[in-house]
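First residue of the sequence shown? That's 2 in this note's numbering, and the numbers climb one at a time after it.
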Amino acid sequence: MLQSLIKDLKNYQHFKKSKSSFEQYEEYLKSKCQLPSLHLVKQNNIHQCREKYNTRILVETGTFLGDMVEAQKHYFEKVISIELSKDLHLRAIERFKDDKCVTILQGDSGIVLKDLLSQINQPALFWLDGHYSAGITAKSDKNTPVLAEIEVIIKHLETHIILIDDARLFTGEEDYPTIPELCDFVLSLNPSKHIYVADDIIFITPKAKKMK
Numbered sequence: 002m003l004q005s006l007i008k009d010l011k012n013y014q015h016f017k018k019s020k021s022s023f024e025q026y027e028e029y030l031k032s033k034c035q036l037p038s039l040h041l042v043k044q045n046n047i048h049q050c051r052e053k054y055n056t057r058i059l060v061e062t063g064t065f066l067g068d069m070v071e072a073q074k075h076y077f078e079k080v081i082s083i084e085l086s087k088d089l090h091l092r093a094i095e096r097f098k099d100d101k102c103v104t105i106l107q108g109d110s111g112i113v114l115k116d117l118l119s120q121i122n123q124p125a126l127f128w129l130d131g132h133y134s135a136g137i138t139a140k141s142d143k144n145t146p147v148l149a150e151i152e153v154i155i156k157h158l159e160t161h162i163i164l165i166d167d168a169r170l171f172t173g174e175e176d177y178p179t180i181p182e183l184c185d186f187v188l189s190l191n192p193s194k195h196i197y198v199a200d201d202i203i204f205i206t207p208k209a210k211k212m213k
């Protein structure tokens, strides 16, 4: 099953098809997808959305070590990633210094997105993963800026596609809304949005474009 998934990604040459990867994927399947979704699965969802909605720009919040940027940089005309941590931002700048299609920004994504969106005039795919998770990650006044991020994106352009990582964290604790609260918030901004959860990802899309 993992081999089939990798082929579907069309960039499988970039993935390490090691025994441990197969074992991790089997464990993920046996858990009925209740474990945190594998990075490979997350990448596949981004690729499916890119193809379905024909988006040429990827905007990520939460650069961290830059692994998602690395996985996607060959498949979008432009990849923009926002990182709160100054240290992680500098690391990412160094990592992608030779990639002309990649832009790494520093700051609170809920704020930085406002300025960034003024420069985007076409549908973009947003991968929202900019939350505090201890360790070397940075924290602003809240553990997650997701509501501020969603609001500025939805108010900007009707055709933007939003994918939010770590759906399991939306429990109403540590500044996260519950899934129902998130749905209410999104629909209050735009009642036509379709919201669903799959592979530990929250999808916010135009209603007629639900992925199969």
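Glycine included, every Cβ here is placed at the ideal spot set by N, Cα and C.
Legend entry - Residues that isoleucine 196 bridges to, as DSSP identifies them: For the purposes of this step, residue 196 is taken as residue 195 along the sequence shown, with counting starting at 1. Bridge partners of isoleucine 196: Ile205.
Inset, instruction - Return helix, strand or coil for phenylalanine 127, following the three-state DSSP convention. - result: Counted from its first residue, the sequence shown places residue 127 at position 126. DSSP places phenylalanine 127 in strand when its eight states are reduced to three.
Inset, instruction - Report the rounded CA-to-CA distance for glutamine 1 versus proline 146, giving the unit in angstroms. - result: Residue numbering for the chain in the displayed model covers 2 to 213; residue 1 lies beyond these limits and cannot be assessed.
Inset, instruction - Please go through the same chain and pick out, in chain order, the residues whose beta-carbon is closer than 8 Å to the beta-carbon of lysine 115, but skip the five residues on each side of it. - result: Walking along the sequence shown from the start, residue 115 turns up at place 114. Val153.
Inset, instruction - Could you spell out where the alpha helix (DSSP H) holding glutamate 71 opens and where it closes? - result: Here residue 71 is taken as the residue at index 70 of the sequence shown, counted from 1. Per DSSP, glutamate 71 belongs to the alpha helix (DSSP H) from 68-73.
Legend entry - Rounded separation between lysine 98 and leucine 89 - CA only: By 1-based counting over the sequence shown, the position of residue 98 is 97. By 1-based counting over the sequence shown, the position of residue 89 is 88. Distance between the alpha carbons of lysine 98 and leucine 89 is about 14 Å.
Inset, instruction - Could you check the C-alpha separation between phenylalanine 171 and isoleucine 180 for me, to the nearest Å? - result: The residue you call residue 171 lines up with position 170 of the sequence shown. The residue you call residue 180 lines up with position 179 of the sequence shown. So the alpha carbons of these two residues sit roughly 6 Å apart.
Legend entry - phenylalanine 204 versus arginine 169 - alpha carbon distance: Counted from its first residue, the sequence shown places residue 204 at position 203. Counted from its first residue, the sequence shown places residue 169 at position 168. For phenylalanine 204 and arginine 169, the distance between alpha carbons rounds to 13 Å.
Inset, instruction - Determine the extent of the beta strand (DSSP E) in which serine 82 is found, giving its start and end residues. - result: If you number the sequence shown from 1, residue 82 lands on position 81. Serine 82 -> beta strand (DSSP E) spans 79-84.
Inset, instruction - Answer with buried or exposed for proline 123, where buried requires no fewer than 16 other C-beta atoms within 10 angstroms of its C-beta. - result: Your numbering for residue 123 matches position 122 in the sequence shown. A quick correction: the sequence has glutamine, not proline, at residue 123. That one is exposed.
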